[in-house]
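S.K.: Residue numbers (UniProt numbering), protein chains in the order written: chain X, 1 to 464; chain C, 1 to 625; chain D, 1 to 161; chain S, 1 to 102. Each residue gets a CB set at the ideal place from its N, CA and C atoms; glycine is no exception. Quick caveat, the model's predicted, so the values are computed rather than measured. Have a look at this one.
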Amino acid sequence: MTLADLYSIMPIIITAVGALFVLLCGPLLLSASLTAIGVTASVAAGVWAAFSTPTSTQAVAGLAFTPLARFLIPLFCFAAAITLLLSHSYNERRGIKGEEFPATVLFALFATCVLPCATNMLILFLALESVSFAFYILVSMDLSRAESGEAGLKYLLLGAVAAAFTAFGFALLFTGSGTLQLSGALARPENRVIISAGWGVILVGMAFKLSLVPGHLWTPDVYQGAPAPVSAFLSTSSKVAAAALLLMLLALSPPMPELRVPLAALSVLSMVLGNLAALRQQNIKRMLAYSSVAHMGYLTLALLSGSRDGYAAVLLYGAVYTAMNLAAFGAISSLSVEQERELITDYAGLGFTAPLRGGVLALAMISLAGIPPAAGFIGKFFIFYSAIKAGAIALAIIGILSAAASAYFYLRVVAQLYMHRGESPAPKPVSLAEGIALCCASLMILVIGVYPGPLLGAIEAALQ
Amino acid sequence: MLPTYLTLMLLFPLLGGLTFAVAGRMLPRTLVEVLACATVWGSFVCAALAAAAYTGPQVVTLADWFATFDLAIPISLYLDPLSLAMTVMIGFVCGLIHIYSVFYMREDEDYARYFALLNLFVFAMLTLVLGETLPLLYLGWEGVGFCSYLLIGFWYSDPANADAGRKAFIATRIGDVALMIALAWLFQLFGTLSITKVNGMGFLMPVSVITMLGILFLIAAMGKSAQVPLMVWLPDAMAGPTPVSAMIHAATMVTAGVYLLARLLPLIGGSEIALAAIAITGGVTAFYGATCALAQRDLKRVLAYSTISQIGYMMLGVGAGAVTAATFHLLVHAFFKALLFLGAGCVIAAMHHEQDIYKMGGLRRSLPLTFWSFLVGAACLAGIPLTGGFFSKDSILLAVWLKGGVLYQTLYLLGLITALITAYYSFRLVFLVFAGENGHVHRSSGLTVMQVVLIPLAILGLFGGLLDLPAYLGGGYLSGFFASLPADDLPSASHEQEIGLQTVAGALALVGLLTAYLRYGKGRAERMREAQAQPSSLISFLAQGWYFDRLYDLVLIRPYHALARFLWQRVDEAVIDASVDGLGSGVGGAGRLFGRWSTGKVAVYLISFAAGAALILGYLAWLAL
Amino acid sequence: MEATLFYILAAVLLIGILLAITARQAVRSIVYLVTSFFALALMFYLLGAPLIAAFEVIIYAGAIMVLFLFVIMMLELESPEKLAKPNFKNWLPALLLAGAVVGALVVLLASRVQAVPPGFTEIPVRQFAFALFKQYGVAVEVVSMQLLFALVGALYLGRRR
Amino acid sequence: MSVPLSHVLIVASLMFAMGLGCVIAWRANVIMMLIGIEIMLNAVMLTFVGGSAHWGIADGQLFSLMLMALTSAEVSLALAMVVYLHRRKQTVNTDDFNSMKG
């Protein structure tokens, strides 16, 4: 191992060391400085990853800083940094104390950074499970609310079952192919049936992680129970990581025509049921959870196409979705008072009393609805474009129709913000950290929406 | 120079809108008002300069929006007679309406939001008109829809207004989806979304495909242009401020559908069926709108239905393949309809926001300027000979007549009947509002300026016919200008034929005028008395817009809500749990099935998850067998 | 001989698990489970994985199951009448779904003749160790982080307020 | 030894399905649900060890070892959560944890 090898996995080292450092020095430092350390570590890791050249050689046994990792690690770091910025004031309001929160966020970041670097299924699986593991802890962090612990237990029980499924899938892939190396494992033509069974079981596990129907039922409960910054992080990083895992596996394996129908079914069910279920939700976090189900359905639609365009659309949508959900949950987190504002009607008139946060929330909703020029439009455009190009026209039309219907419930929030006068308690003034986080997220939405060229270039490089 | 003009034309309102949206509240009111007008007039000046510099159809590529993978969408604009005429009209009408708005909205606190939306609307509309690629057009299309949604619900404190906004949004959304599907399909077929390229490649496809595409575009146009059966939103859209109605829901946005079809006519024109569908939609809508306008009592709703009807005429023109005639009517209509709405705005402002025409009267003396301009507008609408509306409407009817065939001749007759009804209801309006006595008005300094704005519109409406005089009067400017447009190769009429048809139409308009005079001018007192009584069933049928709202509520909205409610509560959480329990006890009666919904349980989640696993694995095993 | 032993062990394993999941008390089910895990460890040994067999006994039967017992004792869940048992209504979906899954899997895994089996070979501990630290060194680090945070999470939740 | 690989896999599948059945059926007791998950993970380990022996490489055994570590981490966190929630709600019946729904 040379120094250059170490440099190339530096983002992973930074996050791991950051997590340990926060844990060790937690009792000695103020919580503000812990958050600052966490943000610094994530930003440093992200910047380092963005500015180093990717290689295909293994730096350390089992890890390689691939082009894909170069694209995804900055994205994960962005999400983690925003989450940490948001969580500081939120935790103060909610009485969540201690170094555990920033340390666990950094641990989750560490695991997400390992995931795209993995060159074999063992590391891939461990990274994926570590991500979930960190979220089991983060979701139940709020000891003052019963829902938080309940959500944690639900997530853990279902997550463990899903993990067993995923592991079983990997076991079958290994048994069929005789190697755990990603490059070799999926290319073997023999033992086709065992491998296809393995794929089936993995899909089941991933349906849970991506919250695709019928593995989606945990999503609303967990989003509702978790602290809002954690929901922001959970709905972005863990989803994108799971999508990246599927992408890595699908891109390496030879075309598996038998997977088309299950993937299509998962995608259609998620798009339609997610949007329909969100339609009548009164609770904003549950509404966003169901919308997340629908959005993962769109993402699966792009995965299904199996082409390079489709994979590009997945990465683009991952970035877009990260920006949108960070903005939405960020605004929710920042607008919370002693209690979170649960109902959509609790947001009435906040567009005037809290212009920045109301505006960010409205922008996020407009983007989620896919209305130009927000980023959501570009993301959806590419998804449907790739699906149509791959010949999945019927699926694309179902997607377009359900996306059109979804505008209704997103714009309901906008209408509440700007077209009603509310008597809900006024929010606390926005703190500097929250302001920075919200501005970054909404800026990302706008920049991707108006000028997606550079991002598309980066994605093209990531798929080399 | 052309690229500079076009860029500036788009940039002015965009920057204005963004500035007001972000910082409008911090700027002084006068500055916002002046800037808002200045940006739009700047836009108009650019359009005029572009028109002066115009030599021939031209694609101007400003920048690459994205060009990655094999999809490249440049930001390119297309300037041809059609888009040029539209931009000049939009700049002018919107400019006047901005000035009008300044005075109309004097008392409103929310001026920043209002002008931000108005400016953004102008930007989106210009993007729609100028876009060379369909995605750019779609962007503008969505943009105008969004601005319109927010402006209809501008006075949101009244829930009815917010509802109207939502209704407009949903109805036009149906059209948007059709457009999106059509775009996706077009891309799949041709591999490009450039309008000029697509237009040139229509012959490559079988006619059935073109027909389907044409129908999809027609649905899109129905939503945006309020054509039957998606017209229900427009009358309700009158909930917004009157200048908004004038600008968006009469002069500009609602013509976007007509513009889209005219723009893509070289493609769609390949299919006779699609053209016929467009013509029928137009004809039926024209008739529908006119009959509904007959029975309305609300001043703005009369005008709204007349808009639906007039856009129906334009669609009829497009369906007959006469882009020139349709555009001619579009332009003239923009002038006189803006005029009518702004005049109505003056009346409403003067009458303390009273909109019931039966409670008005005698305004002829107290608001002479409004009266004369409104009279000109009504004459144009009615098609009284020698006004702009007369020539433009007539060129459409002429084109329909010349197209020949049973279908088009029937539509011609329908158009004539509609013209008669139109003349009747326009003057009904004039007589009820301006004739008679009891003219108490509320004067304000703003009212004078608002009335002055009407003058240029009145002149344009009155002499709009000069744009495209019939051939026997020396031919028109517009026809020559549009000669370069493809697919406008209609058989030309002989002068005698043309004069004959115009005589018929003119005579009908005069008959309408006369009938209206007899009923509402002379018999005014009697009508007033009748209005107090319970309306007859025919009248309420017409007044309610043929009960389309109720029909939709019954056929679409309730099942939709029921379905959503069912899927959300019942399938997702209740059925799975209840059926599991019901399976065990063996008696899963329907009542228990739906009545018992205990949710939030991990076990239910696990069972559905495992069921998914069983299904996926079962499918794979079935394949392997 | 070894093959017969394998099938006997498999039978013990499956019956043990069946008893464990239908046991009336959690403690009994733990005991059944420990038995099956011993059988499983022997099967691992037969399949040429002595190290995993040892770990199975030490970690699973020794540590994890004891942890379960400890928690059961601590929460005093032992009095059987306090806890609802799954009745037929609960078992039916479980049976249906597990049956469907196992049916599909058996069809998939047994319906085709496998590629020529190289025969089971024993893997020496040296090879195992080489693979662990040469090929998958990072996995050890990731898992160690995970164990650390399991501790962090458990301590956080167990903290008295 | 002359046991065909498919038999190992079938035993593992049976074990996996039994674990799944246990998780689904024991909705009244989180501890038993966790035991079911342990059974499922052991089935995965059996598959890995069988595959490892079939191909003569150590990778599968390694995966099993890591799974063991992972499960112990998961179990300790899960049990901590059970203790925590039991302290709050005096129950281990998952059906009682249903304050969020809809």
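Can you tell me which of the three DSSP states S598/C falls into?
M.R.: Confidence in S598/C is poor, its pLDDT being 36 and thus under 50, which makes the residue's placement too unreliable to answer from.
S.K.: Report the three-state DSSP secondary structure of Y418/X (helix, strand or coil).
M.R.: Of the three classes helix, strand and coil, the one that applies to Y418/X here is helix, per DSSP.
S.K.: To the nearest angstrom, how far is it from the Cα of G586/C to the Cα of L63/X?
M.R.: Summary for G586/C: the model assigns pLDDT 34, below 50, so the residue's position carries little reliability, and this model does not support an answer.
S.K.: Y78/C by DSSP, collapsed to three states: which one?
M.R.: In the structure shown, Y78/C sits in a strand (DSSP, three-state: E or B).
S.K.: With DSSP collapsed to three states, give me the class of A63/C.
M.R.: Of the three classes helix, strand and coil, the one that applies to A63/C here is strand, per DSSP.
S.K.: Do you know offhand how far Q502/C's Cα is from Y517/C's?
M.R.: Their Cα atoms are separated by approximately 22 Å.
S.K.: I'd like to check one pair, I459/X with A312/X: are the Cβ atoms closer than 7 Å?
M.R.: Contact: yes.
S.K.: My assumption, with CB atoms under 8 Å, is that L150/C sits in contact with L126/C. Please give the rounded CB distance.
M.R.: Not quite, the Cβ-Cβ distance comes to about 18 Å (not below 8 Å), so this is no contact.
S.K.: Taking L20/S as the reference, give the member of A43/S, E74/S, I10/S with the closest Cα.
M.R.: The shortest C-alpha separation from L20/S is found at A43/S.
S.K.: Helix, strand or coil, according to DSSP, for A72/C in the structure here?
M.R.: In the structure shown, A72/C sits in a strand (DSSP, three-state: E or B).
S.K.: Is the shortest distance between the beta-carbon of V113/D and the beta-carbons of chain X less than 7 Å?
M.R.: Because the pLDDT at V113/D is just 49, under 50, the model does not fix this residue reliably, and the point stays unresolved.
S.K.: Can you name the residues of chain X whose CB is closer than 9 Å to the CB of A611/C?
M.R.: Correct list: P214.
S.K.: Listed from N- to C-terminal order along the chain, which residues in the region 300-332 of chain X have their beta-carbon within a distance smaller than 8 Å of any beta-carbon of chain D?
M.R.: Within the region 300-332 of chain X, no residue qualifies.
S.K.: Quick check on S144/X: buried or exposed, where buried means 16 or more other Cβ atoms within 10 Å of its Cβ?
M.R.: Under this definition S144/X is an exposed residue.
S.K.: Would you mind telling me which residues of chain S sit closer than 7 Å to V143/D, beta carbon to beta carbon, in chain order?
M.R.: By Cβ distance, chain S contributes M66, A69, L70.
S.K.: To the nearest angstrom, report how far apart A326/C and F187/C are at their CA atoms.
M.R.: Roughly 28 Å separates the two Cα atoms.
S.K.: Please classify P368/C as buried or exposed, where buried requires at least 16 neighbouring CB atoms within 10 angstroms.
M.R.: Looking at its Cβ environment, which holds fewer than 16 other Cβ atoms inside 10 Å, P368/C is exposed.
S.K.: Find out if the Cβ-Cβ distance for the pair L67/S, M45/S is shorter than 7 Å.
M.R.: Taking 7 Å as the Cβ cut-off, L67/S and M45/S qualify as a contacting pair.
S.K.: Determine, for P254/X, whether the minimum Cβ-Cβ distance to residues of chain C falls below 7 Å.
M.R.: Chain C, which has no Cβ nearer than 7 Å to the Cβ of P254/X, makes this no.
S.K.: DSSP on D356/C, reduced to helix/strand/coil?
M.R.: Strand, per DSSP.
S.K.: So, using beta-carbon positions, are M238/C and K300/C closer together than 7 Å?
M.R.: Taking 7 Å as the Cβ cut-off, M238/C and K300/C qualify as a contacting pair.
S.K.: Do P372/X and E142/C come within 7 Å of each other at the CB atom, strictly closer than that value?
M.R.: Their beta carbons are under 7 Å apart, which means E142/C touches P372/X by this criterion.
S.K.: Would you mind reading off the limits of the alpha helix (DSSP H) that contains N283/X?
M.R.: Here N283/X belongs to no alpha helix (DSSP H), and DSSP marks it neither H nor E.
S.K.: Would the region 336-351 of chain X and the region 309-324 of chain X be scored as touching if the rule is three or more Cβ pairs under 8 Å?
M.R.: Output reads no: the region 309-324 of chain X does not touch the region 336-351 of chain X.
S.K.: Report the three-state DSSP secondary structure of G175/C (helix, strand or coil).
M.R.: Helix, per DSSP.
S.K.: Tell me which residues share the same chain as V244/C and place their Cβ nearer than 6 Å to its Cβ, disregarding the 5 neighbours each side in the sequence.
M.R.: Counting only Cβ-Cβ distances below 6 Å, and skipping sequence neighbours, we find L151.
S.K.: Got a sec: which bits of the region 37-69 of chain D sit with their beta carbon under 8 Å from any beta carbon on chain S, in order along the chain?
M.R.: Here the close residues are F37, L40, M43, F44, L46, L47, G48, A49, L51, I52, F55, E56, I59, Y60, A63, I64, L67, F68.
S.K.: Taking the Cβ atom as the reference point for each residue, do L120/C and L128/C lie within a distance shorter than 7 Å?
M.R.: Not a contact, by the Cβ cut-off of 7 Å.
S.K.: Step through the CB atoms of chain S and report whether any lies within less than 7 Å of the CB of T175/X.
M.R.: It does: the Cβ of T175/X has a partner Cβ on chain S nearer than 7 Å.
S.K.: Under a three-way DSSP split, which group does N29/S fall into?
M.R.: Here N29/S sits in coil by DSSP.
S.K.: So for L583/C, helix, strand or coil by DSSP?
M.R.: Because the pLDDT at L583/C is just 35, under 50, the model does not fix this residue reliably, and the value given afterwards should be weighed accordingly. In the structure shown, L583/C sits in a helix (DSSP, three-state: H, G or I).
S.K.: Applying a beta-carbon distance threshold of less than 8 Å, which residues of chain X neighbour F130/D?
M.R.: Under the 8 Å cutoff, chain X gives no residues; its nearest Cβ is about 11 Å from F130/D.
S.K.: In terms of residues, what are the limits of the alpha helix (DSSP H) holding P385/C?
M.R.: No alpha helix (DSSP H) holds P385/C; DSSP gives it neither H nor E.
S.K.: Using a beta-carbon distance cut-off of less than 8 Å, what residues from the region 101-112 of chain D approach chain C?
M.R.: So the close ones are V101, G103, A104, L105, V107, L108, S111, R112.
S.K.: So, do the region 201-218 of chain X and the region 37-49 of chain X have three or more beta carbon pairs nearer to each other than 8 Å?
M.R.: These segments do not touch.
S.K.: Along the alpha helix (DSSP H) that carries R88/S, what are the first and last residues, could you check?
M.R.: From DSSP, the alpha helix (DSSP H) with R88/S extends over 59-89.
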